[in-house]
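In our numbering, the protein residues as written are 585 to 675. All C-beta atoms in this analysis are idealised placements derived from N, C-alpha and C, irrespective of residue type, glycine included. Heads up, the thing below is written out as C-alpha cells.
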Amino acid sequence: MLERTRRKDATDVTFILPADHPTGEVSVVGDFNNWQAGIHPLTIRADGMRAVTVEMPAESRIAFRYLAHGGHWFDDHEADGHDGANGYLHT
Numbered sequence: 585m586l587e588r589t590r591r592k593d594a595t596d597v598t599f600i601l602p603a604d605h606p607t608g609e610v611s612v613v614g615d616f617n618n619w620q621a622g623i624h625p626l627t628i629r630a631d632g633m634r635a636v637t638v639e640m641p642a643e644s645r646i647a648f649r650y651l652a653h654g655g656h657w658f659d660d661h662e663a664d665g666h667d668g669a670n671g672y673l674h675t
C-alpha cells in the first residue's frame, strides 16, 4: 500500500506492508536511494503493519521495488505502473 502526502516542494510517500508477509526484514529501494538495501527498512507500526516514509521530490517519476530477506525482490500492486522491471510512482 502507498500513502502520499503532498507538500509545496516535495511528496512524502509511505510504503506499507503487512507485518508478517513476507517474513523477515524488508527495505524499499529505488531511484531515491540508489537501490541500496537497508537505507529505508520498513518497521512495525502500532497498527501492526510495517512502514517507512520517504521524502521525494515533487512532480517526479520514481522507480522502486521491495527487497526482502534472502534477496527476494517484489513489487507493490498499488504502484502507478510497471515498466517491466520495476514499479513506479508519480509524486
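Outcome for residue i when other beta-carbon atoms lying within 10 angstroms are tallied against a minimum of 16
i	result
residue 591	exposed
residue 671	buried
C-alpha distance - residue i paired with residue j, whole-angstrom precision
i	j	result
residue 593	residue 603	31 Å
residue 619	residue 613	5 Å
residue 649	residue 626	13 Å
residue 633	residue 607	12 Å
residue 642	residue 635	21 Å
residue 662	residue 601	11 Å
residue 623	residue 657	16 Å
residue 611	residue 621	6 Å
residue 654	residue 646	24 Å
residue 598	residue 587	5 Å
residue 609	residue 652	6 Å
Paired residues, beta bridge with residue i - DSSP
i	result
residue 590	595
residue 623	Answer by DSSP bridge pairing: none, since residue 623 is not bridged.
Start and end residues, beta strand (DSSP E) containing residue i
i	result
residue 611	610 to 614
residue 607	Run containing residue 607: none; DSSP gives neither H nor E here.
residue 675	Counting along the chain, residue 675 falls outside any beta strand (DSSP E), and DSSP gives it neither H nor E.
residue 643	No beta strand (DSSP E) holds residue 643; DSSP gives it neither H nor E.
residue 656	656 to 658
Residue closest to residue i, alpha-carbon to alpha-carbon, out of the options
i	options	result
residue 639	617, 651, 664 and 659	617
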